[in-house]
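Undergrad: Next up is a structure, given as structure tokens.
Residue numbers (the numbering used here): 7 to 550.
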């Protein structure tokens with residue numbers, strides 16, 4: 007069975023392809039269109055489809071739209087109700103619903119040859135759940151979904167048994183942990199439905215002194231759900247104008263909201279364990295990208311394993327919707343990797359360099375060349391293999407640097423044009439991680455935080471956040487042999503088994519995806535070396 011998954015209605019449009027139960031490709035539209043998040047989550051953009059990523063997914067498998075058995079659209083308008091009936095102030099939401107109802111026709115126009123009758127609507131939170139419970143490594147798991155909103159709710163609690171979903175409950179709108187966090191993001195002067203991770207980072211600089219004043223608005227209820235109603239944020243702390251300096255009050259408000267979020271998630275997870283008795287908890291929805299909360303779930307609930315979908319936001323619903331439909335006909339396989347996007351052969355990469363007319367070299371071992379550059383305190387743009395699905399750079403589209411120089415945090419944030427309080431992440435070999443970091447292991451998708459061992463904090467200061475933690479990525483040699491060789495080569499030269507990894511992009515732009523993006527980023531940012539497949543481009547030679 008050949009199923010194309012589509013996420014389009016709110017934000018982070020994406021496409022994914024499942025063929026005979028196997029995940030073949032998945033990619034976000036922003037990587038093709040170069041528009042961050044693909045589009046803004048407003049009703050007037052709801053008609054926009056992930057045309058470029060959908061066409062690429064089909065090309066990757068050698069299929070045409072006519073070859074598809076189904077297209078799974080990750081929203082079911084038949085389940086929706088008018089926004090005012092849901093307690094939401096969204097006067098144009100009816101336009102969004104109309105676009106959803108017309109999606110089969112829009113898709114047929116965007117993908118000529120597609121029979122619109124093959125489009126299947128999948129409930130939004132069911133698609134989220136499938137991206138975790140059906141894509142995760144375990145066929146049996148409890149599943150928890152939290153985000154801003156779906157058709158009528160903001161949460162799903164359920165259980166997968168042999169990849170088959172049973173839903174236990176959901177939370178009706180307007181109560182929403184995702185909207186709670188989005189509202190705070192906007193109040194703090196950041197872009198809502200985009201910059202929530204900045205609030206999480208800022209929270210580490212504060213103390214939760216407003217927590218008692220948030221709890222009356224946001225808390226667990228006695229019916230298995232929660233309450234999350236609008237908070238009078240301005241009565242607590244004045245709003246921060248965008249671009250203005252943040253204050254301690256802003257950090258304390260962020261810390262308080264983060265603590266409130268964690269309390270609700272812990273309560274929901276414990277209730278779910280009491281009901282299922284499962285060893286495994288799988289998570290999806292935008293709230294599941296909160297790696298601080300994820301770590302508390304791993305440490306403080308009875309679940310032995312917590313697995314988070316690396317594309318936990320709405321982009322992941324394209325994959326979940328496809329898996330949900332495919333599972334009706336055949337067994338589906340677990341997600342093998344997050345590297346499900348575009349890739350290029352060495353010959354194609356060489357052609358890109360030749361067309362760009364930039365001087366390049368082909369070293370005997372690009373891993374050793376990069377390790378030497380990092381040991382000399384160079385910043386490396388690393389472009390290897392297929393691009394990542396989801397918001398994290400996981401060693402395929404990364405900026406790499408030396409973790410032992412404290413100034414490299416400020417340096418990388420300057421290179422990327424980011425706020426000074428934003429952390430960067432360490433990459434470490436899976437077999438070495440427990441020596442340096444205390445937290446859920448392995449952590450291949452950078453979705454948990456770990457306490458940095460006291461004896462290592464002074465040795466790798468660039469990757470240690472203000473609270474003594476780091477959001478690590480563990481590297482398995484079998485899965486990522488080239489990255490492992492870079493780490494080995496760097497340790498031989500410096501004695502440090504860690505390298506800095508942050509996404510290969512600049513602020514406000516999507517992560518680099520194709521070779522042109524890589525060359526443009528290299529040309530516009532003060533990066534010392536570009537490792538494009540087996541080829542090395544040195545800044546000193548390009549701009550001599």
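We put the beta carbon where it would ideally sit given N, CA and C, even for glycine.
What are the residues that DSSP puts in a beta bridge with residue 234?
TA: In DSSP, residue 234 forms a bridge with 224.
Undergrad: Give the DSSP-derived three-state secondary structure of residue 53 in the structure shown.
TA: coil
Undergrad: What residue range is occupied by the uninterrupted alpha helix (DSSP H) comprising residue 183?
TA: 183–193
Undergrad: Less than 8 Å between the C-beta atoms of residue 378 and residue 499, yes or no?
TA: With respect to the 8 Å criterion, residue 378 and residue 499 are classified as neighbours on the basis of their beta carbons.
Undergrad: What separation, rounded to the nearest whole angstrom, lies between the Cα atoms of residue 393 and residue 17?
TA: 20 Å
Undergrad: Within its chain, find whatever has a CB closer than 6 Å to the CB of residue 268; leave out the 5 residues flanking it on each side and keep chain order.
TA: 299 and 302
Undergrad: Does the region 142–160 come into contact with the region 180–200, if we say contact requires no fewer than three beta-carbon pairs (one atom in each stretch) closer than 8 Å?
TA: yes
Undergrad: Roughly how many angstroms lie between the CA atoms of residue 275 and residue 213, to the nearest whole one?
TA: 24 Å
Undergrad: Go ahead and label residue 306 buried or exposed: buried means 16 or more other beta carbons lie within 10 angstroms of its beta carbon, across all protein chains shown.
TA: exposed
Undergrad: With a floor of 3 residues, list each beta strand (DSSP E) that falls wholly inside the region 301–386, ordered by position along the chain.
TA: 311–314
Undergrad: Can you give me the C-alpha to C-alpha distance between residue 117 and residue 13, rounded to a whole angstrom?
TA: 15 Å
Undergrad: Can you tell me the Cα-Cα spacing of residue 479 and residue 443, whole angstroms?
TA: 11 Å
Undergrad: Does residue 238 come within less than 8 Å of chain B when only Cβ atoms are used?
TA: Absent from the structure is chain B; it holds one protein chain and no more.
Undergrad: Counting C-beta neighbours from all protein chains within 10 Å, is the total for residue 484 16 or more, i.e. buried, or is it exposed?
TA: Around the Cβ of residue 484, a 10 Å sphere holds fewer than 16 other Cβ atoms; the residue is exposed.
Undergrad: Could you give the DSSP three-state label for residue 197: helix, strand or coil?
TA: coil
Undergrad: Quick check on residue 79: does DSSP put it in helix, strand or coil?
TA: strand
Undergrad: Is it the case that the Cβ atoms of residue 78 and residue 30 are separated by a distance below 8 Å?
TA: no
Undergrad: When the Cα of residue 397 is compared with those of 330, 511, 456 and 351, which residue comes out closest?
TA: 511
Undergrad: Looking at the unbroken alpha helix (DSSP H) that takes in residue 269, where does it start and where does it end?
TA: 254–282
Undergrad: Let me know if residue 163 comes out buried or exposed under the rule of 16 or more other beta-carbons within 10 Å of its beta-carbon.
TA: buried
Undergrad: Are there 16 or more other CB atoms within 10 angstroms of the CB of residue 284, so buried, or fewer, so exposed?
TA: buried
Undergrad: Could you tell me the alpha carbon to alpha carbon distance between residue 384 and residue 339, rounded to whole angstroms?
TA: 40 Å
Undergrad: Do the region 213–228 and the region 245–262 meet, that is, are 3 or more Cβ pairs less than 8 Å apart?
TA: yes
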